[in-house]
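J.: Chains as they are written, first to last, in my numbering: chain E, 698 to 811; chain C, 698 to 811; chain Z, 698 to 811; chain X, 698 to 811; chain R, 698 to 811; chain W, 698 to 811. Take a look at the following structure, please.
There are 6 protein chains.
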Amino acid sequence: MSDLINDFRVYREKMNKKILASDNKVMKRIYNIDTNTYMDGALSSKTKEMLGLVASMVLRCDDCVKYHLEQCYELKVSTPEMMEIFAVANIVGGTIVIPHTRRALEYWEDLEKS
Amino acid sequence: MSDLINDFRVYREKMNKKILASDNKVMKRIYNIDTNTYMDGALSSKTKEMLGLVASMVLRCDDCVKYHLEQCYELKVSTPEMMEIFAVANIVGGTIVIPHTRRALEYWEDLEKS
Amino acid sequence: MSDLINDFRVYREKMNKKILASDNKVMKRIYNIDTNTYMDGALSSKTKEMLGLVASMVLRCDDCVKYHLEQCYELKVSTPEMMEIFAVANIVGGTIVIPHTRRALEYWEDLEKS
Amino acid sequence: MSDLINDFRVYREKMNKKILASDNKVMKRIYNIDTNTYMDGALSSKTKEMLGLVASMVLRCDDCVKYHLEQCYELKVSTPEMMEIFAVANIVGGTIVIPHTRRALEYWEDLEKS
Amino acid sequence: MSDLINDFRVYREKMNKKILASDNKVMKRIYNIDTNTYMDGALSSKTKEMLGLVASMVLRCDDCVKYHLEQCYELKVSTPEMMEIFAVANIVGGTIVIPHTRRALEYWEDLEKS
Amino acid sequence: MSDLINDFRVYREKMNKKILASDNKVMKRIYNIDTNTYMDGALSSKTKEMLGLVASMVLRCDDCVKYHLEQCYELKVSTPEMMEIFAVANIVGGTIVIPHTRRALEYWEDLEKS
Numbered sequence: 698m699s700d701l702i703n704d705f706r707v708y709r710e711k712m713n714k715k716i717l718a719s720d721n722k723v724m725k726r727i728y729n730i731d732t733n734t735y736m737d738g739a740l741s742s743k744t745k746e747m748l749g750l751v752a753s754m755v756l757r758c759d760d761c762v763k764y765h766l767e768q769c770y771e772l773k774v775s776t777p778e779m780m781e782i783f784a785v786a787n788i789v790g791g792t793i794v795i796p797h798t799r800r801a802l803e804y805w806e807d808l809e810k811s
Numbered sequence: 698m699s700d701l702i703n704d705f706r707v708y709r710e711k712m713n714k715k716i717l718a719s720d721n722k723v724m725k726r727i728y729n730i731d732t733n734t735y736m737d738g739a740l741s742s743k744t745k746e747m748l749g750l751v752a753s754m755v756l757r758c759d760d761c762v763k764y765h766l767e768q769c770y771e772l773k774v775s776t777p778e779m780m781e782i783f784a785v786a787n788i789v790g791g792t793i794v795i796p797h798t799r800r801a802l803e804y805w806e807d808l809e810k811s
Numbered sequence: 698m699s700d701l702i703n704d705f706r707v708y709r710e711k712m713n714k715k716i717l718a719s720d721n722k723v724m725k726r727i728y729n730i731d732t733n734t735y736m737d738g739a740l741s742s743k744t745k746e747m748l749g750l751v752a753s754m755v756l757r758c759d760d761c762v763k764y765h766l767e768q769c770y771e772l773k774v775s776t777p778e779m780m781e782i783f784a785v786a787n788i789v790g791g792t793i794v795i796p797h798t799r800r801a802l803e804y805w806e807d808l809e810k811s
Numbered sequence: 698m699s700d701l702i703n704d705f706r707v708y709r710e711k712m713n714k715k716i717l718a719s720d721n722k723v724m725k726r727i728y729n730i731d732t733n734t735y736m737d738g739a740l741s742s743k744t745k746e747m748l749g750l751v752a753s754m755v756l757r758c759d760d761c762v763k764y765h766l767e768q769c770y771e772l773k774v775s776t777p778e779m780m781e782i783f784a785v786a787n788i789v790g791g792t793i794v795i796p797h798t799r800r801a802l803e804y805w806e807d808l809e810k811s
Numbered sequence: 698m699s700d701l702i703n704d705f706r707v708y709r710e711k712m713n714k715k716i717l718a719s720d721n722k723v724m725k726r727i728y729n730i731d732t733n734t735y736m737d738g739a740l741s742s743k744t745k746e747m748l749g750l751v752a753s754m755v756l757r758c759d760d761c762v763k764y765h766l767e768q769c770y771e772l773k774v775s776t777p778e779m780m781e782i783f784a785v786a787n788i789v790g791g792t793i794v795i796p797h798t799r800r801a802l803e804y805w806e807d808l809e810k811s
Numbered sequence: 698m699s700d701l702i703n704d705f706r707v708y709r710e711k712m713n714k715k716i717l718a719s720d721n722k723v724m725k726r727i728y729n730i731d732t733n734t735y736m737d738g739a740l741s742s743k744t745k746e747m748l749g750l751v752a753s754m755v756l757r758c759d760d761c762v763k764y765h766l767e768q769c770y771e772l773k774v775s776t777p778e779m780m781e782i783f784a785v786a787n788i789v790g791g792t793i794v795i796p797h798t799r800r801a802l803e804y805w806e807d808l809e810k811s
């Protein structure tokens, strides 16, 4: 596993635990719904993760992008499919999405190597 | 066809024509790529329109939402599928997406009645 | 009650009902948490509504602003306090917040007259 | 003068007066600096208004766009120049800027007719 | 003091000095109003810093968040109060605020240890 | 050349190559138009790069800012002119632009030293 992947996962897990340990009900419930949102339903989990990814890209949240890239990877999104998600994000969100696309592609390649 | 749908389409078409008539090459090419982005490829046109819709919702662009709702309607996205797209947009983008969801659902219902 | 207030309330209530009637669990739970977020806790409901208002202003969501203005009005936020919330929103979010401040002040004055 | 122009100006002036009458010092000073920002300096007033316009477009604030369109019109920005400002806004900000470009062009044409 | 806190403070102070030394009047006045905005008035300084914090969180500006966390810490905001500010930011701004909440909590814990 | 400049350029070039090598037509064409947008036309290349810079600043994309700073530097934008671009970005976009201004000024100074 690359350092990029490992660092993201370790920090994310450590801080998520602290947020949940703080015992704020609203935060707990947001985490809870978040998990539920991407489960199979009328749309497949794979489609929903792609939706979550494109939303994260246009809102330019690198850590959210990494998380959804991981889910997409687990759910067998192919690289040509991934490039088309990137394309939608870049046309809708403009060239300010390009730097996030560079980082997303780097992370995606690390996932493929892992 | 409802006034809501008709007004959107008429104004959009009229002004798009004027933008293209202005003979600015960059604007023309952006319009051109925009059309290409959503064509069948590694991902189906239907999936891409759903991606375009969720991106437009989290960026809170009502007119973009209307356009992608029309495309999704043409491509047979079902109402339960649509509600799940709305759900992803609302969880990722937060409660500021709710007013746009109200308007999106109104437009969606008008499309269904038309 | 002014038309501005009435139109906002009627449309908001009508469409919220439709969203909840659609039976999408994620949407229902987001609405549910949303209500809970602003209840008295470590911070008073009044403080939280002011936080919700300033967040809505910098994110430039007019309908969200209207909703929080109503809650602030119910919870006895004074006009000088309101102007200071507007000031924080405008300094943090910049002059793009000014047009939303114009509409917010108009709504606030309508609430005071009602 | 078109209704579009007139309505914008009347409402803007009326509400700006109310904001300034509220006697909030921070708001007053923001208005004050705002005026100063666009005065001739190292860059000409015309260039700065173009900068203000493109910033307003990518942030998708229609009323801010209208205001800077008026200033650009006064300062003799030509229509081909305006189309190139629109092009920069659309490439940087993406297709979500298109609906705002439609409204901007409509306003620009009204200014030219006035 | 943690490295996280120290690095933020040192860089912020160094670059703020350079911005002010550049002798641009608009920048100087923005800095000036910024300080004034959060002073005691109709609302307490503590409330205003909480407003500044939630605005910075939903706009997802980590450095702005750090600055307001420091001010909130000085003004005796408690950890349960802080968690409720985080909750408002996350419900209004959505799950894209979560990564910023992770970093905010880390910084808050460092402030408490310092 | 400073590490800051070198690291940005190396990573940007490496990842841009990978994005273009992926053979996604939409991404290729976006890159293509992007280059065309800033060429001399009704407005000079220098003015357009300033427009691209201010748009990147208010959208708070540090890597986009770095790129346009480089172009502005090549095109002989002076430091007082640059400070006025920063001023427009900060008044329109608010104090959340300040941390990006700190980083922009640091990069600008590195360009001047190089």
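Note that CB positions come from ideal geometry on N, CA and C, so glycine has one too.
#1: What's the gap between the Cα of Ile759 of chain W and the Cα of Asp700 of chain C?
#2: Between which two residues does the alpha helix (DSSP H) harbouring Ala752 of chain R extend?
#3: Would you give the residue range spanned by the alpha helix (DSSP H) that Thr732 of chain E belongs to?
#4: Of all the CB atoms in chain R, is at least one closer than 8 Å to the CB of Val789 of chain Z?
#5: Grab the span of the alpha helix (DSSP H) containing Met779 of chain Z for me, first residue to last.
#6: Just the C-alpha distance for Glu781 of chain W and Ala786 of chain X, rounded to the nearest angstrom, thanks.
#7: For Asp704 of chain E, count the other beta carbons within 10 Å of its own beta carbon; 16 or more makes it buried, fewer makes it exposed. Which is it?
#8: I want to verify the contact list: residues of chain X whose CB lies under 8 Å from the CB of Thr734 of chain E, in sequence order.
#9: Determine contact between the region 707-723 of chain X and the region 737-752 of chain X, defined as no fewer than three beta-carbon pairs at a distance below 8 Å.
#10: Determine the chain X residues that contact Glu767 of chain W at a beta-carbon separation under 7 Å, and present them in chain order.
#11: Does DSSP classify Leu772 of chain E as helix, strand or coil?
#12: Please identify the residue among C:Leu750, C:Lys714, C:Arg757 whose C-alpha is closest to the C-alpha of His797 of chain C.
#13: Mind the definition here: the region 761-774 of chain X touches the region 726-733 of chain X only if three or more C-beta pairs lie below 8 Å; say whether that holds.
#14: Below 6 Å CB to CB, which residues in the same chain sit around Leu802 of chain R once its five sequence neighbours on both sides are set aside?
#15: Grouping DSSP H, G and I as helix and E and B as strand, with all else coil, what is Ala739 of chain C?
#16: Considering only C-alpha positions, which residue in the set W:Ser719, W:Asp731, W:Met747 is nearest to Glu771 of chain W?
#17: Helix, strand or coil: which one does DSSP assign to Met698 of chain R?
#18: Closest to Asp731 of chain C by C-alpha separation, out of X:Glu806, X:Ala718, X:Ile788, X:Leu808, would be which residue?
#19: Arg800 of chain E and Ile716 of chain W: beta carbons closer than 8 Å?
#20: Just tell me which of X:Phe783, X:Met698, X:Leu750 has its CA closest to the CA of Thr792 of chain Z.
#21: Give the interface partners of Arg726 of chain W over in chain C, defined as CB-CB distance under 9 Å, in chain order.
#22: If we cut at 8 Å on Cβ distances, does Glu809 of chain E have a partner in chain W?
#23: Could you please tell me which residues of the region 754-779 of chain X, in chain order, have their CB closer than 7 Å to any CB of chain W?
#24: Can Met698 of chain R be considered in contact with the ligand HEM, in the sense that its beta carbon sits closer than 7 Å to one or more heavy atoms?
#25: Can you give me the start and stop residues for the alpha helix (DSSP H) that Ile795 of chain E sits inside?
#26: Hey, how far is the Cα of Asn733 of chain W from the Cα of Val774 of chain R?
#27: Given that Lys722 of chain Z touches chain E, what residues does it touch there, using C-beta distances under 8 Å?
#28: Given this structure, state the Cα-to-Cα distance separating Ala784 of chain R from Leu766 of chain Z, to the nearest angstrom.
#29: Flag this pair as yes or no: are the beta carbons of Met698 of chain X and Ser811 of chain X separated by less than 8 Å?
#30: Just checking: is the beta-carbon of Glu781 of chain W within a distance shorter than 8 Å of some beta-carbon in chain X?
#31: Under 7 Å between beta-carbons, which chain W residues line up against Met712 of chain R? List them in chain order, please.
#32: Taking Cβ positions only, does Thr744 of chain R come closer than 8 Å to chain C?
#33: Nearest chain R C-beta to Ser893 of chain E closer than 8 Å, yes or no?
#34: How about Thr744 of chain X and Thr744 of chain W: do their beta carbons lie closer than 8 Å?
#35: Compute the distance between the beta-carbons of Ala718 of chain X and Ala752 of chain W, then report whether it is under 8 Å.
#36: What number of angstroms, rounded off, separates the C-alpha of Gly790 of chain X from the C-alpha of Val755 of chain X?
T.: Taking the structure as given:
#1: A small fix is needed here, since residue 759 of chain W is Asp in this sequence, not Ile. Computed Cα separation, rounded: 43 Å.
#2: Per DSSP, Ala752 of chain R belongs to the alpha helix (DSSP H) from 742-755.
#3: That run of the alpha helix (DSSP H) goes 722-734.
#4: Yes - at least one Cβ of chain R is within 8 Å of the one on Val789 of chain Z.
#5: Where Met779 of chain Z is concerned, the enclosing alpha helix (DSSP H) stretches over 776-790.
#6: So the alpha carbons of these two residues sit roughly 19 Å apart.
#7: That one is exposed.
#8: Chain-order list of chain X residues neighbouring Thr734 of chain E: empty, with the shortest C-beta distance near 23 Å, by a criterion of under 8 Å.
#9: The region 707-723 of chain X, when compared against the region 737-752 of chain X, does not touch it at the 8 Å Cβ threshold.
#10: Those do not exist, as Glu767 of chain W stays about 16 Å from chain X at its closest Cβ, beyond 7 Å.
#11: Per DSSP, reduced to three states, the secondary structure at Leu772 of chain E is coil, with no helix or strand assignment.
#12: For the residues C:Leu750, C:Lys714, C:Arg757, the minimum Cα distance to His797 of chain C belongs to C:Arg757.
#13: Because the criterion of three Cβ pairs below 8 Å is not met, the region 761-774 of chain X and the region 726-733 of chain X do not touch.
#14: For Leu802 of chain R, there are no CB contacts under 6 Å within the same chain when 5 residues up- and downstream are skipped.
#15: DSSP places Ala739 of chain C in coil when its eight states are reduced to three.
#16: For Glu771 of chain W, the nearest C-alpha among the options comes from W:Met747.
#17: If DSSP states are grouped into helix, strand and coil, Met698 of chain R belongs with coil.
#18: Minimum Cα distance to Asp731 of chain C is reached at X:Ile788.
#19: Cβ atoms of Arg800 of chain E and Ile716 of chain W: not closer than 8 Å.
#20: Selection X:Phe783, X:Met698, X:Leu750 evaluated against Thr792 of chain Z yields X:Leu750 as nearest (Cα-Cα).
#21: In chain order: Arg726, Asn729, Ile730, Asn733.
#22: For Glu809 of chain E, the nearest beta carbon of chain W is not closer than 8 Å to its own beta carbon.
#23: Listed by position, the residues of the region 754-779 of chain X near chain W (Cβ gap below 7 Å) are Val755, Leu756, Ser775, Pro777, Glu778.
#24: Questions concerning the ligand HEM fall outside what the structure shown contains, since it holds no ligand whatsoever.
#25: Boundaries of the alpha helix (DSSP H) harbouring Ile795 of chain E: 795-810, taken from the DSSP string.
#26: Each residue's Cα considered, the two are about 51 Å apart.
#27: Residues of chain E whose Cβ lies closer than 8 Å to the Cβ of Lys722 of chain Z are, in chain order, Asn733.
#28: So the two alpha carbons sit approximately 19 Å from each other.
#29: Contact annotation: Met698 of chain X and Ser811 of chain X have beta-carbon atoms nearer than 8 Å.
#30: Interface annotation, Glu781 of chain W: in contact with chain X, CB-CB separation under 8 Å.
#31: Per Cβ cutoff of 7 Å: Arg799, Leu802, Glu803.
#32: No, its Cβ sits nowhere closer than 8 Å to a Cβ of chain C.
#33: The shown model of chain E, from 698 to 811, leaves out residue 893 of chain E, and the question about it has no answer.
#34: Remark: C-beta atoms of Thr744 of chain X and Thr744 of chain W approach each other more closely than 8 Å.
#35: No, Cβ-Cβ distance for Ala718 of chain X and Ala752 of chain W is not below 8 Å.
#36: Here the alpha carbon of Gly790 of chain X sits roughly 5 Å from the alpha carbon of Val755 of chain X.
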